[in-house]
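In what follows, a structure is listed as structure tokens, so that the remarks can point back to it.
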Amino acid sequence: MRKAGILMPIFSLPSPYGIGTMGQAARDFIDFLQAAGQSCWQLLPVGQTGYGDSPYQPFSSYAGNPYFIDLDLLAADGLLPEEEYRSLDWGMDPEKVDYERQYRLRYPILRAACRRLMQRQEPHFHDFCLRNGDWLEDYALFMTLKEKNGGACWLDWPDRYRLRQPEALEEVRREQKEEVDFWMAVQYLFFRQWDAMKRYANEKGIGIIGDLPIYVAVDSADVWAAPQQFQLDDAGYPTDVAGCPPDGFSEDGQLWGNPLFDWEYMKKDGYQWWIRRIDFQSRLYDTLRIDHFRGFDAYYAIPYGDQTARNGRWREGPGAALFEAVNTALGRRDIIAEDLGFLTESVRQLLEKTGYPGMKVLEFAFGSREKGSDYLPHCYDRHCVAYAGTHDNDTVQGWMQSASEQEVAFATEYLHLTREEGYHWGMIRGVWSSPADLAVIQMQDVLGLGTQARMNTPATREGNWQWRMLPDACTQELTRRLYSGAEVYQRLVHPVP
């Protein structure tokens, strides 16, 4: 079945409180997707972000981002008087997230709401803690200790906390109970709102596509609670870290800095860590996109402490054995493999063995007229997900300005691009008309925005993950144009009367 969808992070939704949330703006966007003939809403990871604000470096593989908790919904629940948050200065720029301001303003408000929640002694909160006990307490202890240690990475905590000495953790549970309860309550509020938002989307015929980073942050509850799952030395520091080798985009490569998995250790217990992670995430979303899929075939290991990725080496990953274990334990889940970048034959074989659809990015298609490209739409097979660009690419309008003359000329000829139609609509048309079962377009490209709306520039640390949509952007004209395109290219799953 041919489908169409939009890539739009929650934080990019409009809101008077400085960042997109799971409240009315999310419901309005879902209504827009339905009216526009779309059937999928693709998100970026929704985990709690730390230094750098990257959704791909969360404090936990499980915990949701407290910034996404909608304050108006808390007020409607009787947990917040409106005067506690509506009078605050949330910033003057409606097109950019100010994360420092969010950190400074939002947590005191959430603490007040959680105190009221705990006073109610809601039985649903107790049930939530029991259902999520395999990760929730570790997360709450981690965040409590992070606050206690001035926000420092867990590797810099006193040994008794860093090494999780049982008597030290029991002391924290006892003496910091209110703080531990706060972090658990924050997650209860997040997932209560998440469940309501997802239910609303599904009732409207909109499936949620989530995004699972392959790696976790070194400063995370995941690594602190289960260091044996990672390539660490006796002191807990990574021996090697993740990244990508030098290529045409970066002569130094990309140094991500994430700890690498100890695949031999994971294999011994049948990859239970991964099974739990994928089970949780695939219950959260209707479809799960796994980032950096080629890392399961072979991964790039960079010596810890290096300042670039130049000295890294390729090592063998778990291959199909991991996904066979997942399928045996969970049954087949709806997964998209992010298979971008330099692909070896063994990566292609892994993708074929798993049966997961890969990704095609149209902006990658026009580098060589002579050799052709697998990213040209006439080369796609049906079993893939097609994009004009992803969160790591420039917007279409930005790409038209920054790409080489040869690439732009080839794209213009191939797609019959015209300024009158709009270059972004020509690229969207190219993706919609392709054989791909699913076509997903960034919201910035639907709006025809330039480089200023780019979501992320890989290998840079500043200015990313900030773009927000203006409140009046989803016009009736835009809705009709998307609906018409979905209809013409037979991607209309649920016709709107």
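All the letters of the sequence shown, read from the start, carry residue numbers 63 to 559 under the working numbering.
Cβ coordinates follow ideal geometry from the N, Cα and C atoms, glycine included.
Please name the residue, chosen from the options, that lies closest to residue i on a Cα-to-Cα basis.
| i | options | result |
| --- | --- | --- |
| Tyr366 | Pro300, Cys306 and Lys208 | Pro300 |
| Thr206 | Tyr165, Tyr551, Ala471 and Asp243 | Asp243 |
| Pro107 | Met531, Asp353 and Glu425 | Asp353 |
| Ala302 | Arg394, Val280, Asp314 and Gly420 | Residue identity differs from the one stated: residue 302 is Asp in this sequence, not Ala. Among Arg394, Val280, Asp314 and Gly420, the Cα nearest to that of Asp302 belongs to Val280. |
| Gln538 | Leu509, Gly153 and Glu146 | Leu509 |
| Asp456 | Lys422, Gly512 and Arg148 | Gly512 |
| Gly381 | Gln255, Trp325 and Leu150 | Trp325 |
| Asp39 | Gln238, Phe73 and Lys210 | The shown model of the chain, from 63 to 559, leaves out residue 39, and the question about it has no answer. |
| Thr608 | Asp499, Met462 and Glu400 | Because the chain here runs from 63 to 559, residue 608 falls outside it and cannot be looked at. |
| Tyr79 | Gln104, Gly67, Leu402 and Asp155 | Asp155 |
| Thr370 | Ala360, Pro170, Trp336 and Trp318 | Trp318 |
| Arg168 | Leu150, Pro185 and Lys158 | Leu150 |
| Gln463 | His486, Leu477, Gln343 and Tyr476 | His486 |
| Trp245 | Phe187, Val278, Met531 and Ala230 | Phe187 |
| Pro321 | Gly547, Leu217, Ala548 and Leu192 | Leu217 |
| Leu136 | Leu231, Pro228, Gln96 and Gln255 | Gln255 |
| Lys415 | Trp152, Tyr347, Leu203 and Phe355 | Phe355 |
By the DSSP assignment, the alpha helix (DSSP H) with residue i in it spans what residues?
| i | result |
| --- | --- |
| Arg523 | Premise fails: Arg523 is in no alpha helix (DSSP H) and is neither H nor E. |
| Arg173 | Tyr161 to Arg182 |
| Met328 | Trp325 to Lys330 |
| Ala247 | Lys239 to Glu265 |
| Asp90 | Gln86 to Ala97 |
| Gln506 | Met505 to Val508 |
| Arg226 | No alpha helix (DSSP H) holds Arg226; DSSP gives it neither H nor E. |
| Gln334 | Gln334 to Leu346 |
| Lys208 | Leu198 to Lys210 |
| Tyr476 | Glu467 to Leu477 |
Would residue i be called buried (16 or more neighbouring beta carbons within 10 Å of its own) or exposed?
| i | result |
| --- | --- |
| Trp376 | exposed |
| Pro220 | exposed |
| Met63 | exposed |
| Lys329 | exposed |
| Phe91 | buried |
| Asp443 | exposed |
| Gly492 | buried |
| Ala98 | buried |
| Ala471 | exposed |
| Asp132 | buried |
| Cys176 | buried |
| Asp507 | buried |
| Gly417 | exposed |
| Thr480 | exposed |
| Leu532 | exposed |
| Pro71 | buried |
| Leu192 | exposed |
Suppose you measure from the CA of residue i to the CA of residue j; what does that come to, to the nearest Å?
| i | j | result |
| --- | --- | --- |
| Tyr129 | Thr83 | 7 Å |
| Phe426 | Tyr437 | 6 Å |
| Ala535 | Ala297 | 51 Å |
| Asn194 | Asp115 | 25 Å |
| Gly140 | Met180 | 13 Å |
| Arg394 | Val388 | 8 Å |
| Arg345 | Pro289 | 25 Å |
| Glu482 | Thr474 | 13 Å |
| Phe190 | Pro419 | 34 Å |
| Cys215 | Met489 | 43 Å |
| Thr519 | Asp454 | 6 Å |
| Tyr250 | Asn127 | 11 Å |
| Arg338 | Arg178 | 32 Å |
| Ala283 | Ile276 | 16 Å |
| Val550 | Ala465 | 30 Å |
| Met517 | Ser435 | 25 Å |
| Gln291 | Tyr118 | 19 Å |
| Cys446 | Glu386 | 21 Å |
| Leu350 | Leu274 | 7 Å |
| Met421 | Tyr449 | 8 Å |
| Gly272 | Leu198 | 20 Å |
| Val605 | Ser123 | Residue 605 is absent from the structure shown; the chain starts at 63 and stops at 559. |
| Gly109 | Phe121 | 7 Å |
| Arg166 | Leu477 | 47 Å |
Do we get a CB-CB distance below 8 Å when we pair residue i with the residues of chain C?
| i | result |
| --- | --- |
| Glu241 | The chain labelled as chain C is not found in the depicted structure, where only one protein chain is given. |
Report, in whole angstroms, the separation of the C-beta atoms of residue i and residue j, which I expect to be a contact under 8 Å.
| i | j | result |
| --- | --- | --- |
| Gly332 | Phe358 | Going by Cβ atoms, the distance from Gly332 to Phe358 rounds to 16 Å, so no, they are not a contact pair. |
| Leu69 | Gln504 | 5 Å |
| Tyr201 | Ala125 | 5 Å |
| Ile81 | Gln183 | Going by Cβ atoms, the distance from Ile81 to Gln183 rounds to 30 Å, so no, they are not a contact pair. |
| Ser101 | Val555 | 4 Å |
| Gly374 | Pro307 | 6 Å |
Taking residue i as part of the beta strand (DSSP E), name the residues at either end of that continuous run.
| i | result |
| --- | --- |
| Asn320 | Gln316 to Pro321 |
| Thr349 | Thr349 to Ile352 |
| Val447 | Cys446 to Tyr449 |
| Leu274 | Gly269 to Leu274 |
| Leu69 | Lys65 to Leu69 |
Could you check whether the Cβ of residue i sits closer than 7 Å to any heavy atom belonging to the ligand MG?
| i | result |
| --- | --- |
| Val248 | The ligand MG is not part of the structure shown, which contains no ligands of any sort. |
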